[in-house]
Amino acid sequence: MTMEKILWQQVQLVKQKSPLVHNITNYVVMNNTANALLAVGASPIMAHARSEIKEMIGIAHSVVINIGTLDEYWSESMLLAAETAHSVNKPWVLDPVGAGATSFRDQVLQQLLQYQPSVIRGNASEIIALAKANTTVTKGVDSTAQSNDAVHAAQILMQHYHSTVCISGETDIIISPQQSFFIKNGHPLMTKVTGLGCSATALTGAFIGSVEDKTLGVAAAMALIGIAGELAVQQSKGPGSLQVNLIDKLYNITEEEFIQNLKIEQK
């Protein structure tokens, strides 16, 4: 079976299993993130109250932790969620938004990493900062480095924390001990819509909560949002309509559209 068809199978598995994804994410993107999850067939929960985290994780298929709008209360909730997910062997994704920007973020991230996220997904600057591979400075949540520059940093993170690492960029690079993928889907206009990276992280959570091979799941999630973005751009007048059209395309993308547009290299 071709890799295109294998990844399409992962997309269908999410629809069939409708995984419950517990998100502790930033409030800038909650609505878009929840809609993206619904569009691919998953069920989102947006909950950060410490009193219910353990119960939520008990019923969820996966956990997504995104530190975008970090504060002291949310950081404690995130740490409890990561600890709980790790202790019950529940797959979880870490999105290290703004890693390297402040000492507070870096401190929280170092604590979160101790609970070995199943997947770490961020842009090149964030991955480099997370691994402390060099002194690259993060420009807010936008990347100041190319995804290729972060490959060494991703390998360090993979080895230290036994995580699959996804570097987002013009080429999305997914690195795990077993295999690596390079996906060249997407469109520059997608960078003008806030939180599409956060949506990609949430979709990653849905996929690793549904499929056996977590690396294939990450690749399928990144391929899906990249292809959907490309196709949505064709009928969009700007970032506003792209945001709406992308959700629609995540919902109604066909096997033919997915397979014909996928640009992937496996190593």
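Numbering that gives the first Met the number 0 puts the first residue of the sequence shown at 0, with every later residue one more than the last.
Yeah, the Cβ is synthetic: ideal placement off N, Cα and C, and Gly gets one too.
Same chain, Cβ closer than 6 Å to D148, five either side skipped, listed in chain order: Here the question's residue 148 lines up with position 149 in the sequence shown. In the same chain as D148, and ignoring 5 residues on each side of it, the C-beta atoms closer than 6 Å to its own belong to A123, in chain order.
Counterpart residues of W73 in DSSP-defined beta bridges: Taking the first residue of the sequence shown as 1, we reach residue 73 at position 74. Looking at the DSSP assignment, W73 forms no beta bridge with any residue, so it has no partner.
Cα-Cα separation between K262 and H47, rounded to whole angstroms: The residue you call residue 262 lines up with position 263 of the sequence shown. The residue you call residue 47 lines up with position 48 of the sequence shown. For K262 and H47, the distance between alpha carbons rounds to 37 Å.
Pairwise C-alpha distance: P187 and V210: For this step, residue 210 is matched to residue 211 along the sequence shown. For this step, residue 187 is matched to residue 188 along the sequence shown. Each residue's alpha carbon lies about 29 Å from the other.
C-alpha distance - T170 paired with G225, whole-angstrom precision: The residue given as residue 170 occupies position 171 in the sequence shown. The residue given as residue 225 occupies position 226 in the sequence shown. One C-alpha to the other measures close to 10 Å.
Beta-carbon proximity of S61 to P18, cut-off 9 Å: Start at 1 with the first residue of the sequence shown, and residue 61 comes out as number 62. Start at 1 with the first residue of the sequence shown, and residue 18 comes out as number 19. Yes. Within cutoff.
Spatial distance of G196 from N88 (CA atoms): Translated into positions along the sequence shown, residue 196 becomes position 197. Translated into positions along the sequence shown, residue 88 becomes position 89. Computed Cα separation, rounded: 25 Å.
Three or more C-beta pairs below 8 Å linking the region 231-243 and the region 197-206: Because the criterion of three Cβ pairs below 8 Å is not met, the region 231-243 and the region 197-206 do not touch.
Start-to-end residues for the alpha helix (DSSP H) that takes in T163: Numbered from its first residue, the sequence shown carries residue 163 at position 164. No alpha helix (DSSP H) contains T163, which is instead part of the beta strand (DSSP E) from T163 to S167.
Three-way DSSP call (helix, strand, coil) for H21 in this model: Reading the sequence shown from its first residue, position 22 is the one you call residue 21. In the structure shown, H21 sits in a strand (DSSP, three-state: E or B).
Contact under 9 Å by Cβ, L215 with L69: If you number the sequence shown from 1, residue 215 lands on position 216. If you number the sequence shown from 1, residue 69 lands on position 70. Contact: no.
Segment contact flag, the region 34-42 with the region 71-82, C-beta cutoff 8 Å, min 3 pairs: no
Contacting residues, own chain, Cβ-Cβ under 7 Å from L111 (five flanking each side not counted): In the sequence shown, counting from the first residue as 1, residue 111 sits at position 112. Cβ within range, chain order: I64, M77, L78, A81 and L93.
Member of E54, H159 and V20 whose CA lies at the smallest distance from the CA of M45: In the sequence shown, the residue the question calls residue 45 occupies position 46. Answer by Cα proximity: V20.
Span of the alpha helix (DSSP H), counted from its first residue to its last, around D247: Here residue 247 is taken as the residue at index 248 of the sequence shown, counted from 1. From DSSP, the alpha helix (DSSP H) with D247 extends over P238 to N251.
Secondary structure of M45, DSSP reduced to three states: As a first step, residue 45 must be located in the sequence shown, where it is residue number 46. Correct three-state label for M45: strand.
Own chain residues within Cβ distance below 6 Å of I66, not counting five before or after: One-based indexing of the sequence shown puts residue 66 at position 67. V96, listed in sequence order.
N- and C-terminal bounds of the beta strand (DSSP E) containing I207: One-based indexing of the sequence shown puts residue 207 at position 208. Not the beta strand (DSSP E): I207 falls in the alpha helix (DSSP H), residues L195 to I207.
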